[in-house]
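No gaps in the numbering here: position 138 of the sequence shown is 316 in full-length UniProt numbering, and each next residue is one more.
Note that CB positions come from ideal geometry on N, CA and C, so glycine has one too.
These notes concern the structure reproduced below.
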Amino acid sequence: LGGGPLSGRHVIVTSGPTHEPIDPVRYIANRSSGAQGSAIAAALRDLGARVSFVTGPATAAPPQGVDVIAVETAQQMLDAVETALPADAAVFAAAVADWRVTGAAAQKMKKGPAGLPQLALAENPDILAAVSAKGADRPSLVVGFAAETENVIEHATAKRLRKGCDWIVANDVSEGTGIMGGTENAVTLISADGAEAWPRDSKAAVARKLAQRIADHLSAGQAQ
Ligand code: C5P
């Protein structure tokens with residue numbers, strides 16, 4: 179009981195898409211399944227971590243044995259992450275919608291002679307960047323994801339610096355890889371030390387490897 183290299187550690191994981199309402203019945207969303215996020219939360223749990231799993235409306239089931247905080251919008255996801263802090267590490271695997279609709283309608287919008295509705299968009303908060311920029315409350319390890327379709331390492335390396343996170347898990351989601359919505363993933367871990375390509379493997383195996391790296395990193399930090 180209570181064993182595992184992450185016992186006593188708290189890790190926040192975001193997962194799934196977000197839904198941004200247009201009116202009470204319509205929303206903007208994306209095709210994220212939440213599969214990789216669920217696998218990461220399960221792998222962290224298996225190493226003994228207490229996991230706060232902040233998930234948008236994903237199709238993948240949340241794992242057992244984690245604290246599930248279900249949200250819909252990016253703003254709710256940010257609020258839930260801030261409420262879950264402090265944490266030793268945070269992994270931002272969610273596919274957060276970049277934009278929300280400003281002034282979402284309180285009632286269902288109707289077709290009619292007035293013509294087409296005009297949707298105005300506003301930029302959503304960047305949860306990864308916001309948490310990376312925190313002071314005393316910043317987790318000692320902040321991990322982001324980068325789904326790219328070209329120049330994967332170059333773009334992900336720039337993203338790591340722009341977001342202020344410690345690691346970026348970069349993956350090539352270009353057509354033909356079968357990664358988006360698939361069961362496998364091929365990632366490159368980008369850190370201050372450079373880029374390390376991992377062999378293509380199941381999302382569960384990639385999650386276990388990442389969880390083990392997080393455990394190694396946190397225990398190395400403790401030893402210093
Ligand atoms: O900028 P981009 O969306 O490609 O960055 C991806 C990374 O940033 C992922 O880790 C994602 O979870 C995180 N992100 C976020 N909040 C946003 C947009 C992205 O946490 N609004």
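Rounded separation between residue i and residue j - CA only
| i | j | result |
| --- | --- | --- |
| residue 336 | residue 372 | 12 Å |
| residue 216 | residue 260 | 20 Å |
| residue 398 | residue 198 | 40 Å |
| residue 395 | residue 181 | 17 Å |
| residue 314 | residue 326 | 32 Å |
| residue 354 | residue 243 | 35 Å |
| residue 343 | residue 400 | 19 Å |
| residue 205 | residue 299 | 12 Å |
Closest Cα partner of residue i within the set the options
| i | options | result |
| --- | --- | --- |
| residue 208 | 358, 400, 383, 239 | 358 |
| residue 263 | 222, 298, 310, 221 | 310 |
| residue 258 | 343, 305, 236, 289 | 305 |
| residue 307 | 256, 285, 356 | 256 |
| residue 233 | 254, 221, 243 | 254 |
| residue 347 | 356, 355, 331, 340 | 331 |
| residue 387 | 222, 213, 202, 194 | 222 |
| residue 283 | 374, 300, 367, 203 | 203 |
Whether residue i touches residue j by CB criterion (7 Å)
| i | j | result |
| --- | --- | --- |
| residue 249 | residue 200 | no |
| residue 352 | residue 273 | no |
| residue 247 | residue 385 | no |
| residue 252 | residue 302 | yes |
| residue 393 | residue 183 | yes |
Evaluate contact between the segment 290-298 and the segment 319-335, counting only Cβ atoms and requiring at least three cross-stretch pairs below 8 Å. no
Would you list the residues whose beta-carbon is nearer than 5 Å to any heavy atom of the ligand C5P, in the order they occur in the chain? 270, 272, 274, 302, 304, 305, 306, 322, 323
If contact is defined by three or more beta carbon pairs under 8 Å, each pair taking one atom from either stretch, is the segment 377-386 in contact with the segment 352-364? Yes: the two stretches touch, three or more of their Cβ pairs being nearer than 8 Å.
Given 8 Å, three or more beta-carbon pairs between the segment 222-236 and the segment 181-193: yes
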